[in-house]
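Numbering (the numbering used here), first residue to last: 1 to 322.
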């Protein structure tokens, strides 16, 4: 809550806490929401509601009211570097097609479908097996039993020749170098190069966070400071969030935090329904299966965008009247 008060200049009486620690309710004027959704930066002129002195009750809102309730999620920024998101073929094809012809609808080709969840698991399993086998071979290859005596001698001579060649190469052409230390230096150099390649592939945490929000929701990100880094604007390419995702009005980025504003306001979630009446799910098989089906559709959509859904609780599933 303190981040919303300091960064967005919103008074405390316009903010309410929820069950989630980083999710809050916000009472804002519809004109203010319309301005930031169109790219306006939040300033110090936040409209204040005329609360009565007896009680700090919020207006009910509605189409005829000038005030609206929204949800705000706060994501704290970090100066660390993380692994970048996997390349999404759907978004890559969409970017290429939109740049080629802005008037035509971009559709991914059949030959470049994104990886499905099962294919991704297979790729990860094969890669892990290959890496473990290579690491075990490097560690235990020298301790394997030798063959016949002649073969051992020949192998030893060949190994000595290889060490001598490596030693001569590393010592600038001198044949007096010892082979084993030269190989140690070479291995350490390779490890250093691998670590440098890994560190070079890392991206700032803030950049990856902005890209993940853009991929998931396709929303506009309003940056308060122009010096902040940029992220791909998938919203300008026509990428929209999934129908089962809570709609996002806009995201606001400051120096320390990133705020995501969800609109419209939905008051009740599945946890409230189950707490009030557990029979909502217990006495029906169709409703739980329907919820699982919708979650699987959402999971597939996020996997197609190179994202994971994460842990979902009953309090994270909001329900409307229909």
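Backbone N, C-alpha and C define an ideal beta-carbon position, used for all residues, glycine too.
The straight-line gap separating the alpha-carbon atoms of residue 25 and residue 282 is approximately 30 Å.
For residue 10, the closest alpha carbon among the candidates 72, 61, 18 and 59 is that of 72. For residue 29, the enclosing beta strand (DSSP E) stretches over residues 23-29. Judged by DSSP secondary structure, residue 251 falls outside any alpha helix (DSSP H) and instead within the beta strand (DSSP E) spanning 248-253.
The straight-line gap separating the alpha-carbon atoms of residue 215 and residue 261 is approximately 16 Å. Non-local C-beta neighbours of residue 299 in its own chain, meaning closer than 6 Å and more than five positions away in sequence, comprise 309, ordered along the chain. For residue 239, no alpha helix (DSSP H) segment is defined, and its DSSP state is neither H nor E.
The DSSP-derived three-state label of residue 131 is helix. Judged by DSSP secondary structure, residue 221 falls within the beta strand (DSSP E) whose first and last residues are 221-223. Here the alpha carbons of residue 65 and residue 312 stand approximately 33 Å from one another. In this structure, DSSP gives residue 307 a state outside helix and strand, which the three-state scheme calls coil.
Taking a contact as a CB-CB distance under 8 Å, the pair residue 257 and residue 75 counts as one, their CB atoms being some 7 Å apart. Here residue 29 is near residue 67, since their CB atoms are less than 8 Å apart. Counting along the chain, the unbroken alpha helix (DSSP H) around residue 210 starts and ends at 205-217. Secondary structure of residue 64 (DSSP, three-state): coil. DSSP places residue 8 in the uninterrupted alpha helix (DSSP H) bounded by 2-8.
Residues 280, 281 and 314 of the same chain have their beta carbon placed closer than 7 Å to that of residue 274, with the five preceding and five following residues left out of the count. For residue 270, the uninterrupted alpha helix (DSSP H) segment begins and ends at 270-276. Secondary structure note for residue 282: its alpha helix (DSSP H) is the uninterrupted segment 279-282.
In this structure, residue 51 and residue 13 form a Cβ contact; the two beta carbons are roughly 6 Å apart against a cut-off of 8 Å. In chain order, 222 and 224 place their CB closer than 7 Å to the CB of residue 41, counting only its own chain and leaving out the 5 sequence neighbours on each side. Residue 140 sits exposed, since fewer than 16 C-beta atoms from the chains shown fall within 10 Å of its C-beta. Boundaries of the beta strand (DSSP E) around residue 257: 257-262.
Spatial neighbours of residue 242 in its own chain (CB-CB distance under 7 Å, excluding positions within 5 residues in sequence) are listed in chain order as 298 and 301. Counting of Cβ neighbours within 10 angstroms places residue 293 among the exposed residues, the total staying below 16.
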